[in-house]
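Each residue of the sequence shown is one higher than the last, beginning at 29 in the working numbering.
Yeah, the Cβ is synthetic: ideal placement off N, Cα and C, and Gly gets one too.
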Amino acid sequence: MSELVKFSVESGVEVITVENPPVNALSPGVPEGIAESIGRAADGASVRAVVLIGAGRTFVAGADIKQLEEQAHGRGPGAPNLHQLLKSIEDCPKPVVVAIHGSALGGGLELAMAGHYRVASPDAQAGQPEVNLGIIPGAEGSQRLPRLVGVAAAIEMFVSGKAIGASEAVRLGLFDKIIEGDLRAGAVAFARHVAESGGPHRRTRDKTEKLGSPESNAAILDAGRERARKIRRNMIAPLRVIDAVEAAVALPFEEGCRREREIVEKCLAGEEARALIHAFFAERAVSKVRGISKETRTHSIRMAGVIGAGTMGTGIAMVLANAGITVLLKETDQAALDRGVASVRKNYESAVHKARLTAHEMEERIALIQPQLTYSSFGDADIIIEAVFENMSLKKQVFGEIDKIAKGDCVLATNTSTLDIDEIAGATSRPHMVVGIHFFSPAHVMRLVEVVRGARTDKEVIATAMALAKRLRKVGVLVGNCRGFVGNRMMLPYMREAQFLVEEGSTPSQVDQALYDFGIAMGIFAVDDMGGLDLGWRVLQDTKRLLKPGDRTPLVLEKLYDAHRWGQKTGAGWYRYEDGRTPIRDPEVEALIETTAEQAGIARRSISKEEIIERCLYVMINEGSRILGEGFAQRAADIDTIYITGYGFPAYRGGPMWYADTVGLSKIYERILEFHREHGEYWTPAPLLERLVRDRQTFAAFDAANEQAVTGSPESQ
Ligand code: 3H9
Numbered sequence: 029m030s031e032l033v034k035f036s037v038e039s040g041v042e043v044i045t046v047e048n049p050p051v052n053a054l055s056p057g058v059p060e061g062i063a064e065s066i067g068r069a070a071d072g073a074s075v076r077a078v079v080l081i082g083a084g085r086t087f088v089a090g091a092d093i094k095q096l097e098e099q100a101h102g103r104g105p106g107a108p109n110l111h112q113l114l115k116s117i118e119d120c121p122k123p124v125v126v127a128i129h130g131s132a133l134g135g136g137l138e139l140a141m142a143g144h145y146r147v148a149s150p151d152a153q154a155g156q157p158e159v160n161l162g163i164i165p166g167a168e169g170s171q172r173l174p175r176l177v178g179v180a181a182a183i184e185m186f187v188s189g190k191a192i193g194a195s196e197a198v199r200l201g202l203f204d205k206i207i208e209g210d211l212r213a214g215a216v217a218f219a220r221h222v223a224e225s226g227g228p229h230r231r232t233r234d235k236t237e238k239l240g241s242p243e244s245n246a247a248i249l250d251a252g253r254e255r256a257r258k259i260r261r262n263m264i265a266p267l268r269v270i271d272a273v274e275a276a277v278a279l280p281f282e283e284g285c286r287r288e289r290e291i292v293e294k295c296l297a298g299e300e301a302r303a304l305i306h307a308f309f310a311e312r313a314v315s316k317v318r319g320i321s322k323e324t325r326t327h328s329i330r331m332a333g334v335i336g337a338g339t340m341g342t343g344i345a346m347v348l349a350n351a352g353i354t355v356l357l358k359e360t361d362q363a364a365l366d367r368g369v370a371s372v373r374k375n376y377e378s379a380v381h382k383a384r385l386t387a388h389e390m391e392e393r394i395a396l397i398q399p400q401l402t403y404s405s406f407g408d409a410d411i412i413i414e415a416v417f418e419n420m421s422l423k424k425q426v427f428g429e430i431d432k433i434a435k436g437d438c439v440l441a442t443n444t445s446t447l448d449i450d451e452i453a454g455a456t457s458r459p460h461m462v463v464g465i466h467f468f469s470p471a472h473v474m475r476l477v478e479v480v481r482g483a484r485t486d487k488e489v490i491a492t493a494m495a496l497a498k499r500l501r502k503v504g505v506l507v508g509n510c511r512g513f514v515g516n517r518m519m520l521p522y523m524r525e526a527q528f529l530v531e532e533g534s535t536p537s538q539v540d541q542a543l544y545d546f547g548i549a550m551g552i553f554a555v556d557d558m559g560g561l562d563l564g565w566r567v568l569q570d571t572k573r574l575l576k577p578g579d580r581t582p583l584v585l586e587k588l589y590d591a592h593r594w595g596q597k598t599g600a601g602w603y604r605y606e607d608g609r610t611p612i613r614d615p616e617v618e619a620l621i622e623t624t625a626e627q628a629g630i631a632r633r634s635i636s637k638e639e640i641i642e643r644c645l646y647v648m649i650n651e652g653s654r655i656l657g658e659g660f661a662q663r664a665a666d667i668d669t670i671y672i673t674g675y676g677f678p679a680y681r682g683g684p685m686w687y688a689d690t691v692g693l694s695k696i697y698e699r700i701l702e703f704h705r706e707h708g709e710y711w712t713p714a715p716l717l718e719r720l721v722r723d724r725q726t727f728a729a730f731d732a733a734n735e736q737a738v739t740g741s742p743e744s745q
């Protein structure tokens with residue numbers, strides 16, 4: 029019997045338990061163990077029914093994605109073909125009851141659907157998230173789910189990749205019963221009951237009544253494809269899963285399964301799957317910080333102080349309250365504090381309106397946020413997060429103040445997005461307790477948090493900030509203390525290059541369209557308008573001080589700033605706005621760009637989409653290489669996670685550094701050399717990029733070699 033699957037017989041019911049922590053993935057040994065137990069149950073004279081259950085925190089969370097990764101890179105056979113196992117479950121002469129707690133995801137749900145019955149804990153979830161990995165269900169899920177829940181509901185689950193809760197699963201016919209209390213005992217009782225009732229215990233494959241008619245399905249499939257194009261822009265797998273559903277409704281079960289297998293194999297051989305599988309593991313790797321282990325002590329956080337009740341401060345306060353942490357929210361004057369508190373309520377009310385929160389939960393969370401005008405209660409805070417205006421002397425003043433009142437082991441965090449953490453820490457008597465926790469706006473929505481390590485930050489403080497990010501359900505990425513850290517440091521040359529492109533001949537909307545078509549959530553000029561050109565202008569003034577003679581600097585931004593075109597907040601920026609939010613092309617700006625270029629002697633020409641993408645992305649990738657080479661990011665994959673979770677970079681392209689690997693570093697390097705010759709010194713290739721090209725390496729190989737150097741063995745990665 030497999031180590032990963034245990035069995036026991038209780039009152040005539042064989043209980044098969046999958047025990048493959050942490051998430052009971054279908055790794056080698058698991059399918060074999062289940063098959064062996066099913067065989068035993070089928071033959072066992074004393075066994076009347078079977079219960080299949082997961083040990084630990086969840087049922088089965090799917091195929092082992094490591095195996096899928098190997099297959100995607102042509103390194104292994106990949107996930108096993110589960111056809112025989114699923115058939116043996118479905119054909120078992122004794123009723124098989126699958127008991128679900130935690131999540132039944134991907135291959136986990138596919139396994140469950142082969143059972144004759146599914147019972148679940150009230151908080152259980154079920155989903156087919158394969159499209160998030162650039163593939164479609166590969167264990168007959170595309171054939172069984174429509175048979176259980178109907179074609180439209182199945183398509184929605186496949187395309188969105190979102191899990192549904194237990195009660196919804198019962199409503200749709202996916203689960204048979206919710207079991208309150210002990211799931212295992214309840215499932216055994218349920219199995220005995222159905223065994224005694226004598227059946228028939230119908231096989232899912234035989235249930236065709238929800239498969240609809242060709243006429244009704246045509247419209248559903250069309251609508252599904254339209255939805256896939258809308259919510260999964262540019263992606264292949266969400267469209268291919270609908271092809272598999274089409275097979276489910278049109279072909280006999282076995283043929284449909286073969287069709288599904290063909291599609292999944294094709295998806296796994298594609299760039300989209302490789303990129304998304306990379307993104308999956310990259311997002312999980314960020315929590316592993318070199319020099320910090322599970323044993324590293326963390327400070328416990330029960331009460332937090334937040335200084336500044338502006339957009340960032342209130343967002344951070346909400347995120348903390350959402351995690352059950354008491355928050356002291358401080359402002360300097362009553363009017364600003366009232367505005368902050370009102371904005372917290374407004375945001376929560378909107379969540380209630382969208383049924384994401386109950387009114388009761390809203391009141392509980394608001395009650396955790398205690399408005400303050402003084403520091404008098406801050407002595408009790410376990411962490412203080414400063415979120416005041418982005419100005420060094422103001423931040424230093426605040427840190428000087430909190431140094432006097434914070435308890436000895438209080439973590440002092442700054443939410444700065446660009447400023448020097450060490451200089452801020454220097455305003456305190458305890459720089460080892462100071463860390464950057466850079467939230468992204470709006471803080472209660474955006475998943476990314478950059479945790480910034482100062483020169484003297486204690487590793488326990490870093491560990492605390494990383495643990496806090498996880499508790500707040502954020503993706504915390506450790507970065508070093510350089511100007512703009514990782515995300516904004518790469519954003520700056522990207523923004524600047526986009527401005528050079530418009531001076532040389534593009535329009536803001538052409539640049540934005542090219543970026544959007546590439547897959548980036550929002551064009552850079554639209555982003556600039558959203559953030560406010562006054563901010564961009566301030567950054568430009570700062571960077572101007574760092575310019576070397578002969579360096580090129582953008583010209584139009586200052587003119588827009590002077591004309592008070594500050595973006596959405598003034599109704600006009602790079603675009604104009606009628607409803608406050610939707611960018612509209614503005615001939616006035618285009619004329620301004622043309623005259624500016626003419627006055628500066630810049631010859632305008634037509635610029636291809638390809639050049640727009642190359643210049644915007646390669647300049648960013650070059651900066652990413654510099655950051656990585658200088659050690660301000662731990663891994664290229666961390667940079668990818670930052671860009672996917674915080675900057676709208678398409679996950680199906682794996683992040684900027686992964687994308688660079690897919691284009692080929694030598695090709696990118698050659699283009700960078702050309703741009704260097706044409707446009708000047710700021711295009712100097714990063715030393716790390718040069719080295720990787722010389723060694724014929726990739727960023728992925730760079731990460732793997734570093735990981736190996738730290739852990740000492742490739743196996744322990
Ligand atoms: C599939 O099933 C294809 C089939 O159709 C074909 C079948 C033949 N495999 O996220 P966490 C690891 S495709 C391998 O931090 P949480 C993860 O890397 C699959 N490893 O925990 C991490 O490792 P480490 C469809 C996996 O509590 C650790 O487990 N299924 C897998 O925040 C903890 O993960 C999915 O797409 C896996 N399947 O969230 C589900 N899953 O500690 C993917 C997790 O070394 N998984 N790991 O960094 C998830 O969505 C979340 O992990 C889950 C738990 C919600 C389960």
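C-alpha gap between residue i and residue j, whole angstroms
i, j, result
"I62", "A107", "15 Å"
"F672", "S39", "In the sequence as presented, Phe is not what sits at residue 672; that position holds Ile. Approximately 51 Å, taken between the alpha carbons."
"G551", "Q541", "7 Å"
"I452", "I335", "15 Å"
"D607", "A600", "11 Å"
"I641", "V462", "39 Å"
"A441", "G201", "49 Å"
"E698", "N650", "12 Å"
"R312", "G595", "36 Å"
"A89", "L54", "8 Å"
"P24", "R604", "Summary: the structure shown does not reach residue 24, with the chain confined to residues 29 through 745, and so no result is reported for it."
Heavy atom of ligand 1 within 7 Å of residue i beta-carbon
i, result
"C309", "Here residue 309 turns out to be Phe, not Cys, going by the sequence shown. Yes, the Cβ of F309 comes within 7 Å of a heavy atom of ligand 1."
"V46", "no"
"G135", "yes"
"G162", "no"
"D92", "yes"
"T598", "no"
"A194", "no"
"L563", "no"
"G298", "no"
"S404", "no"
"T86", "yes"
"L110", "yes"
"A107", "yes"
"V51", "yes"
"R580", "no"
First and last residue of the uninterrupted alpha helix (DSSP H) at residue i
i, result
"T712", "Neither: T712 is in no alpha helix (DSSP H) and is coded neither H nor E."
"T749", "No answer is possible for residue 749: the residues shown for the chain start at 29 and end at 745."
"E138", "G135 to A142"
"A180", "V179 to S188"
Close beta carbons around residue i, own chain, < 6 Å, minus the five adjacent residues each side
i, result
"G333", "L356, F406, A409 and I412"
"D45", "According to the sequence shown, residue 45 is Thr rather than Asp. Within the same chain, T45 has close Cβ partners K34, I81 and A83."
Three-state class that DSSP yields for residue i in the structure shown
i, result
"Q95", "helix"
"Q400", "strand"
"Q425", "helix"
"S74", "coil"
"R604", "strand"
"Q569", "helix"
"Q153", "strand"
Same chain only: Cβ atoms within 8 Å of residue i, ignoring 5 sequence neighbours per side
i, result
"T326", "E488, A491, T492 and A495"
Opening and closing residue of the beta strand (DSSP E) in which residue i lies
i, result
"H472", "Where H472 is concerned, there is no enclosing beta strand (DSSP E), given that its DSSP letter is neither H nor E."
"H129", "No beta strand (DSSP E) contains H129, which DSSP labels as neither H nor E."
"H466", "V462 to F467"
Same chain, Cβ closer than 7 Å to residue i, five either side skipped, listed in chain order
i, result
"L113", "P59, I62 and A63"
"N245", "V179 and V277"
"Y589", "L561, D562 and W565"
"L296", "L96, Q99, A100, G106 and I163"
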